[in-house]
Structures are given as structure tokens and as C-alpha cells.
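**Q** I am attaching a structure below and will ask some questions about it afterwards.
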Amino acid sequence: MKTAENSCAYNRDYTRLGKLLILPLLVILNIAALSGKGAENRIPFFKVPELNTQFHLLPGILNPNDTSEAAQNTTQREVIQKTEQTQAAQIQFLGVPDDIILNCGEPLPEWPVVTAKDHQVEFQVFPGEKVNFTPCGGRNIIRSWSVRNAAGNTITKNQNISFSDSEAPLLDIGNDTIVHQEVDLPLPFYEASDQGCSSFVVDITEEEYSLKKGTTSVLRKFVATDGCGNTTTKIQHIHIETDDPKLESKTKSVSSLEYR
206 MKTAENSCAY NRDYTRLGKL LILPLLVILN IAALSGKGAE NRIPFFKVPE
256 LNTQFHLLPG ILNPNDTSEA AQNTTQREVI QKTEQTQAAQ IQFLGVPDDI
306 ILNCGEPLPE WPVVTAKDHQ VEFQVFPGEK VNFTPCGGRN IIRSWSVRNA
356 AGNTITKNQN ISFSDSEAPL LDIGNDTIVH QEVDLPLPFY EASDQGCSSF
406 VVDITEEEYS LKKGTTSVLR KFVATDGCGN TTTKIQHIHI ETDDPKLESK
456 TKSVSSLEYR
């Protein structure tokens with residue numbers, strides 16, 4: 206059942222459709238009325254209405270006629286960003302060395318002379334250095350050279366200097382020994398150092414075993430591993446005289462962290 210509101214809507218739709226169908230016919234008649242002799246003095250019997258051609262752009266599409274503050278700010282940021290990128294691309298650094306890997310103990314290279322310029326002026330270069338700790342090689346050095354462009358932005362070029370280490374840590378431990386069951390086991394003893402420039406860890410594991418009646422032995426295993434994966438292993442045997450030997454073995458471990 207159609208309501209009054211629906212009837213109005215249908216009437217508006219039909220009226221709009223009728224205008225769309227009649228408008229081309231009226232335009233043709235109007236052109237015919239103005240053509241021929243004396244057309245300049247004739248008055249058209251129908252005036253074609255001006256159409257509203259205002260378009261609304263979808264969000265995200267740049268409207269060149271948009272003069273709002275947000276649109277102007279967006280345009281300014283884009284211009285500044287393109288300008289900065291152009292200025293950064295125009296500045297050329299000369300003399301910045303490539304990244305290098307040195308052997309442990311090898312001296313650092315001398316600081317090079319680095320210049321920076323564009324097609325017009327030469328910029329003042331500010332050198333800098335940052336050192337980071339690394340388990341392998343001990344340290345990573347970042348040398349930098351920076352300039353400040355006309356827009357006040359800093360442009361930087363870097364060189365990374367790292368160290369390689371192929372030498373395993375040095376490790377000394379106590380000698381094999383014999384103790385009575387009533388005596389405490391000697392504490393683990395070792396001396397370790399790294400031949401290169403890396404930090405290292407010493408892991409100690411103990412395992413009990415029995416080879417003959419009346420004697421229980423403890424096998425201590427010392428493993429020194431540096432940050433580059435180089436290892437040194439040493440074994441110590443502690444024999445315990447006892448009337449009740451342990452036939453089943455068991456393992457325990459402790460760790461000690463060492464830095465060069």
C-alpha cells in the first residue's frame with residue numbers, strides 16, 4: 206500500500222525522468238528557431254537552464270580548489286619533503302671509506318679527510334664515532350661524517366669497523382687428584398683468557414663414574430667458548446676412595462662468565 210510519502214517520491218522520480226526526456230527535444234527546437242535568415246534578431250522560445258556541474262571529490266583525491274588549512278599544510282609538507290630530498294641528493298660526500306673487518310689486535314685505520322659539497326658550495330663536515338660492545342670481536346665502531354644543509358637538516362654517512370676472532374681461548378685447569386671419601390671435593394679451578402679480542406664463557410660439568418670397586422671418580426669437563434664460537438676443552442679426573450662405590454652416574458653443571 207502506497208503512502209503519501211511514497212507517492213511524493215514516485216512523483217518526483219517521474220518528474221525528473223520527464224525533464225531528462227524533454228530537455229534534448231527542446232534544445233533541438235531552440236537551435237532550429239535560431240537558424241536561418243534573420244536568426245540574429247530572433248528570440249529563442251525556450252532558454253536551456255544552466256546545469257549545476259559542481260563535483261565532490263572522494264576522500265584521498267587531491268582537490269586543487271581546496272583552500273582549507275589542512276590541504277595547504279599537506280601541500281607545504283610535500284614541498285618541503287621533496288626539497289629536502291633534492292638537497293640531500295645533491296650533496297656529495299668525498300673520501301668516505303667502505304666498511305671493513307679487522308683481525309683482533311690489528312690497529313684502526315687513520316681518520317680520512319672527508320669533504321662534502323653540492324654544485325654551489327662546500328659544507329663543513331663534522332666527524333663522530335660510536336663504539337658498541339659485541340661478544341665476537343669485542344667491539345663495533347661506527348665512524349660518521351655529518352653536514353647540515355640549507356634547510357637545517359643533518360645528512361650523515363657512516364663507516365662500520367668490526368673485528369674477527371679465529372683464536373680459541375686459553376684454558377688451564379687443575380691436575381688429576383685422589384681424595385678420601387671423608388674429604389670434600391676440591392673446588393673447580395681454572396685460569397682462562399682469550400687470545401683474541403672476544404668475551405668468553407667457561408662451562409663446567411661434573412659426571413660421577415666407577416671403574417673399580419672401592420673407587421668412585423668424578424670427571425670434570427671445562428669448556429671455554431668465546432663470542433665467535435671458538436672453543437677450548439680440558440678434562441680433570443678426581444678419584445674418591447670409598448668402600449661404597451656409586452655404580453650409577455649422574456651429571457651436574459655450573460657456569461662462569463669471563464670478560465677480557
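Each residue of the sequence shown is one higher than the one before, counting from 206 in the working numbering.
Even glycine gets a Cβ: it sits at the ideal position worked out from N, Cα and C.
DSSP three-state call for I445: helix, strand or coil?
**A** strand
**Q** Kindly indicate which three-state DSSP category Q295 falls into: helix, strand or coil?
**A** helix
**Q** Three-state secondary structure (DSSP) at Q364?
**A** strand
**Q** Any idea what DSSP makes of P314, helix, strand or coil?
**A** coil
**Q** Given a cut-off of 8 Å, decide if A321 and Q295 are closer than it, judged by their beta-carbon atoms.
**A** Contact flag unset, no.
**Q** Given this structure, state the Cα-to-Cα distance separating P332 from T361, to the nearest angstrom.
**A** 9 Å
**Q** Is the segment 348-360 touching the segment 399-411, taking contact as three or more C-beta pairs under 8 Å?
**A** no
**Q** Considering only C-alpha positions, which residue in the set K417, P317, L307, T437 is nearest to N345?
**A** L307
**Q** For the beta strand (DSSP E) holding G343, just list the boundary residues, first then last.
**A** 343-353
**Q** When burial is assigned at 16 or more other CB atoms within 10 Å of the CB, is D431 buried or exposed?
**A** buried
**Q** Do the segment 375-392 and the segment 324-331 make contact, defined as three or more Cβ pairs closer than 8 Å?
**A** no
**Q** What do you get for Q377, buried or exposed, if any count of 16 or more other CB atoms within 10 angstroms of its CB means buried?
**A** Looking at the sequence shown, residue 377 is not Gln but Asp. By the neighbour-count rule (16 or more Cβ atoms within 10 Å), D377 is not buried but exposed.
**Q** Which residues share a DSSP beta bridge with N308?
**A** S369
**Q** Taking its Cβ as the centre, do 16 or more other Cβ atoms sit within 10 Å of T437, making it buried, or is it exposed?
**A** Burial check for T437: the Cβ neighbour count within 10 Å reaches 16 or more, so the residue is buried.
**Q** Measuring alpha carbon to alpha carbon, tell me which of G434, G419, Y414, N435 ends up nearest R425.
**A** For R425, the closest of G434, G419, Y414, N435 by C-alpha to C-alpha distance is Y414.
**Q** With burial defined as no fewer than 16 other Cβ atoms inside 10 Å of the residue's Cβ, what is the status of D370: buried or exposed?
**A** buried
**Q** By the 10 Å Cβ neighbour count, where 16 or more other Cβ atoms means buried, how is A355 classified, buried or exposed?
**A** exposed
**Q** From N363 to Y395, what does the alpha carbon distance come to, in whole angstroms?
**A** 42 Å
**Q** Output the distance between the C-alpha atoms of L375 and G342, rounded to the nearest integer angstrom.
**A** 16 Å
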